[in-house]
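Asker: Numbering (this note's numbering), first residue to last: 201 to 822. Just so it is clear, CB atoms sit at the ideal spot from N, CA and C, and this is done for glycine as well. The structure displayed is predicted, hence computed values, not measured ones. One structure, as structure tokens, below. Some questions next.
The structure is reproduced here in structure tokens:
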């Protein structure tokens, strides 16, 4: 038919992504995309990212917080399996707690040894209690073997810090230095070894082998498991390192899962001091929440008072205004309470006048009421557990979280969110690494973001976003592991590394007018579900595209894909280039169903789509 008989039709798609059914069943909706959002119902690409500071992060951050001190200086803290960091001003400081300090004296309790041509220094120290990958620095240490006396000592902060390269029994370990020894030397040196808290694993590992699981349980790769066969599956998981960070006024409180409470004092000196252990607090805590209104610290999963019994369902709190006092008494508001629904506490967040605490099964609320009860505890929901310790966030008094198979919110009652990408997300989710899910908020766009690991990914590699104002969902790819809103810094802040083998950094996320990723082009795309005319009873012919858009510094690619039946293969026309001067695009495309796709991979391109009009008409079946 002549194109003059075709009429322009505006294609209208519902904001957000919709993946709960097939592309044909989701007609009239956007179906897929990456690095896009919707504002006032219209799609646009995300801005890019740039480094916050040039300092590299050792390890993978599991928690990140931002706040300001009493002098309004911006502060940032992050914790990895190897380090605890403070960004103070624009400088990163290693404030990792010191586990022990040991004096080494040749002929007394240890010595240093070198071997010609080797960068390894053997440290002989009785019962050193260190492992490969642990970190150490030395003070007041000088040894020979490197062309004369060599000082490899460090201050508390400037390095060098050495990783334990290998271990030989309980009395010997090796570190590697930057140069090789010019001679072999033995039994040398006097110095002080400062041992960091032990490095932990970065990945959740499923417990397998001969000792995993209950007796005679599970199966091996060869069939039913006998007593002498290793398990091929189990319910035992060796957990990756996790940090729980919270500010106490201008100071920092920190817990590494399964360890003690640490305290960092912002006023200790002009150069930040290291975090120190709070010896009066329980020696083993899984996570913490500071209650700022009533000034208590809640330990979630910890030792029962007066015992060495660890209770994963126990909540303990310190005395008011005093996290150095955890002893209940008539003169103290310290106390504890045991939760009942679930097997362990997963995490907690503070809301306006309540602390929300989740087990793996339920949600509880803790509200300060004063003596004699201190906290009123109420179960707020069941079968709504938290998927990971950082998978919840409170926005404007409403708490949102991700569970094992649904998203929820609490605004007076527990509600399941109508997630239009839920099935897509959970069908490609790596549940073995689920406690790495991290929730953040972007107040500029009213977006809650969950970072999560997909399929076989060991680290978060995707995101899902819920827009609280416009009530829609999008998803995409990401390399971030943590995320914080712009309440202190000028932009949202994240941590991550751009690829395997690349360093870990802090990132300014979506700075104004930045549409590249650390000076590299970024790809974004958006694809619709299938559409048709007259419920697919007739073929359609399309011969013209009239674009409507705002675009800067580049061009968009536009494709139209058609097919005869829902399960047929697409026939794609395009991609056609849409630039700043493009008025229309002439095409010839025919099918019973059609879908459109827009994308860009140009450097620094910014685009926002308005309306899409196609010249479209019924066509014969030929």
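Starting from residue 814, follow the beta strand (DSSP E) in both directions and report where the run begins and ends.
Answerer: As a first step, residue 814 is located in the chain shown; it is residue number 614 there, counting from the start. Run containing residue 814: 812 to 819, per the beta strand (DSSP E) assignment.
Asker: Could you compute how far the alpha carbon of residue 760 sits from the alpha carbon of residue 567?
Answerer: Translated into positions along the chain shown, residue 760 becomes position 560. Translated into positions along the chain shown, residue 567 becomes position 367. Rounded to whole angstroms, residue 760 to residue 567 spans 56 Å at the Cα level.
Asker: Would you decide whether residue 438 is buried or exposed? Buried here means 16 or more other CB atoms lie within 10 Å of its CB.
Answerer: Stepping through the chain shown from its first residue, residue 438 is reached at position 238. Exposed, since its Cβ has fewer than 16 Cβ neighbours within 10 Å.
Asker: Hey, residue 641 and residue 662: beta-carbon distance below 8 Å or not?
Answerer: Here residue 641 refers to the residue found at position 441 when the chain shown is read from its first residue. Here residue 662 refers to the residue found at position 462 when the chain shown is read from its first residue. In this structure, residue 662 does not lie closer than 8 Å to residue 641 by Cβ.
Asker: By the three-class DSSP mapping on this structure, what secondary structure does residue 788 have?
Answerer: Looking up residue 788 in the chain shown gives position 588. Here residue 788 sits in strand by DSSP.
Asker: Go ahead and label residue 217 buried or exposed: buried means 16 or more other beta carbons lie within 10 angstroms of its beta carbon, across all protein chains shown.
Answerer: Your numbering for residue 217 matches position 17 in the chain shown. Buried, by the Cβ-count rule.
Asker: Would you call the CB atoms of residue 706 and residue 253 closer than 8 Å?
Answerer: Here residue 706 refers to the residue found at position 506 of the chain shown. Here residue 253 refers to the residue found at position 53 of the chain shown. Against a cut-off of 8 Å, the Cβ pair of residue 253 and residue 706 comes out as a contact.
Asker: Which residues share a DSSP beta bridge with residue 582?
Answerer: Taking the chain shown and counting its residues from 1, the one referred to as residue 582 is at position 382. Bridge partners of residue 582: 562.
Asker: With DSSP as the reference, label residue 239 as helix, strand or coil.
Answerer: Counting from one through the chain shown, the residue named residue 239 turns up at place 39. Three-state result, residue 239: strand.
Asker: One question on the structure: do residue 280 and residue 259 come within less than 8 Å of each other, judged by their Cβ atoms?
Answerer: As a first step, residue 280 must be located in the chain shown, where it is residue number 80. As a first step, residue 259 must be located in the chain shown, where it is residue number 59. Against a cut-off of 8 Å, the Cβ pair of residue 259 and residue 280 comes out as a contact.
Asker: Who are the Cβ neighbours of residue 364 in its own chain at under 6 Å, not counting the five residues just before and after it?
Answerer: As a position in the chain shown, residue 364 is number 164, starting the count at 1. Only 330, 332, 334, 373 meet the Cβ criterion.
Asker: How long is the line joining the alpha carbons of residue 212 and residue 767, rounded to whole angstroms?
Answerer: By one-based count along the chain shown, residue 212 stands at place 12. By one-based count along the chain shown, residue 767 stands at place 567. Cα to Cα, residue 212 sits roughly 23 Å from residue 767.
Asker: Checking 8 Å against the spacing of the C-beta atoms, do residue 694 and residue 680 come in under that value?
Answerer: Here residue 694 refers to the residue found at position 494 of the chain shown. Here residue 680 refers to the residue found at position 480 of the chain shown. Taking 8 Å as the Cβ cut-off, residue 694 and residue 680 qualify as a contacting pair.
Asker: Sorted by chain position, which residues of the same chain lie with C-beta nearer than 8 Å to residue 623's C-beta, five sequence neighbours on each side aside?
Answerer: Position 423 of the chain shown holds residue 623. These residues qualify, in order along the chain: 219, 220.
Asker: Apart from the five residues on each side of it in sequence, which residues of its chain come closer than 8 Å, Cβ to Cβ, to residue 802?
Answerer: If you number the chain shown from 1, residue 802 lands on position 602. Same-chain partners within the cutoff: 721, 753, 754, 755.
Asker: Let me know the secondary structure DSSP gives residue 453 once reduced to three states.
Answerer: Residue mapping note: residue 453 aligns to position 253 of the chain shown, counting from 1. Strand.
Asker: Check for me: the alpha helix (DSSP H) holding residue 625 runs from which residue to which?
Answerer: Looking up residue 625 in the chain shown gives position 425. Segment 622 to 627, the alpha helix (DSSP H) holding residue 625.
Asker: May I ask you to report which of helix, strand or coil DSSP gives residue 632?
Answerer: Taking the chain shown and counting its residues from 1, one reaches residue 632 at position 432. Residue 632: helix per DSSP, three-state reduction.
Asker: With three or more beta-carbon pairs closer than 8 Å as the criterion, would you say the stretch 626 to 642 touches the stretch 565 to 585?
Answerer: No: the two stretches stay apart, fewer than three of their Cβ pairs being nearer than 8 Å.
Asker: Residue 669: buried (16+ other C-beta within 10 angstroms of its C-beta) or exposed?
Answerer: Taking the first residue of the chain shown as 1, we reach residue 669 at position 469. Counting Cβ neighbours within 10 Å, residue 669 comes out exposed, since fewer than 16 surround it.
Asker: Quick one: complete beta strand (DSSP E) runs, 3+ long, within the stretch 441 to 512?
Answerer: List check, beta strand (DSSP E) in window: 443 to 448, 451 to 456, 461 to 464, 485 to 491, 496 to 503.
Asker: Given a cut-off of 8 Å on the beta-carbon distance, is the pair residue 443 and residue 635 in contact?
Answerer: Numbered from its first residue, the chain shown carries residue 443 at position 243. Numbered from its first residue, the chain shown carries residue 635 at position 435. Cβ atoms of residue 443 and residue 635: not closer than 8 Å.
Asker: Tell me which residues share the same chain as residue 646 and place their Cβ nearer than 8 Å to its Cβ, disregarding the 5 neighbours each side in the sequence.
Answerer: As a working note, residue 646 is residue 446 in the chain shown. Excluding positions up to five away in sequence, the list reads 667, 668, 669, 670.
Asker: Looking at residue 497: is its Cβ nearer than 8 Å to the Cβ of residue 563?
Answerer: Here residue 497 is taken as the residue at index 297 of the chain shown, counted from 1. Here residue 563 is taken as the residue at index 363 of the chain shown, counted from 1. No, they are not a contact pair.
Asker: Considering only C-alpha positions, which residue in the set 523, 506, 509, 477 is nearest to residue 499?
Answerer: For this step, residue 499 is matched to residue 299 along the chain shown. Considering only alpha carbons, the answer is 523.
Asker: Is the stretch 698 to 716 touching the stretch 728 to 738 in the sense that three or more CB pairs, one from each, lie closer than 8 Å?
Answerer: The answer is no - the stretch 698 to 716 does not touch the stretch 728 to 738, with fewer than three Cβ pairs under 8 Å.
Asker: May I ask you to report which of helix, strand or coil DSSP gives residue 732?
Answerer: Position 532 of the chain shown, counting from 1, holds the residue named residue 732. Of the three classes helix, strand and coil, the one that applies to residue 732 here is coil, per DSSP.
Asker: Identify every residue that forms a DSSP beta bridge with residue 536.
Answerer: Within the chain shown, the letter at position 336 stands for residue 536. Looking at the DSSP assignment, residue 536 forms a beta bridge with 516.
Asker: Measure the alpha-carbon distance for residue 214 versus residue 543 and round it to whole angstroms.
Answerer: For the purposes of this step, residue 214 is identified with residue 14 of the chain shown, where counting begins at 1. For the purposes of this step, residue 543 is identified with residue 343 of the chain shown, where counting begins at 1. Straight-line Cα distance between these residues: approximately 41 Å.
Asker: To the nearest angstrom, how far is it from the Cα of residue 445 to the Cα of residue 310?
Answerer: For this step, residue 445 is matched to residue 245 along the chain shown. For this step, residue 310 is matched to residue 110 along the chain shown. Rounded to the nearest angstrom, the two C-alpha atoms are 37 Å apart.
Asker: Taking the continuous beta strand (DSSP E) assigned at residue 373, which residues delimit it?
Answerer: For the purposes of this step, residue 373 is taken as residue 173 along the chain shown, with counting starting at 1. Segment 372 to 376, the beta strand (DSSP E) holding residue 373.
Asker: Which residue's Cα is closest to the Cα of residue 270: 504, 451, 440?
Answerer: The residue labelled residue 270 in the question sits at position 70 within the chain shown. Residue 451 is the option with its Cα nearest to residue 270.
Asker: Within the same chain, show all residues whose beta-carbon is closer than 7 Å to that of residue 247, passing over the 5 residues directly before and after it, in chain order.
Answerer: Position 47 of the chain shown holds residue 247. Within the same chain, residue 247 has close Cβ partners 710, 711, 714, 715.
Asker: What are the residues that DSSP puts in a beta bridge with residue 799?
Answerer: Taking the chain shown and counting its residues from 1, one reaches residue 799 at position 599. Paired residues: 725, 757.
Asker: If we ignore side chains and look at the alpha-carbon of each, how far apart do residue 781 and residue 724 end up?
Answerer: Along the chain shown, read from residue 1 onward, the residue named residue 781 stands at position 581. Along the chain shown, read from residue 1 onward, the residue named residue 724 stands at position 524. Straight-line Cα distance between these residues: approximately 21 Å.
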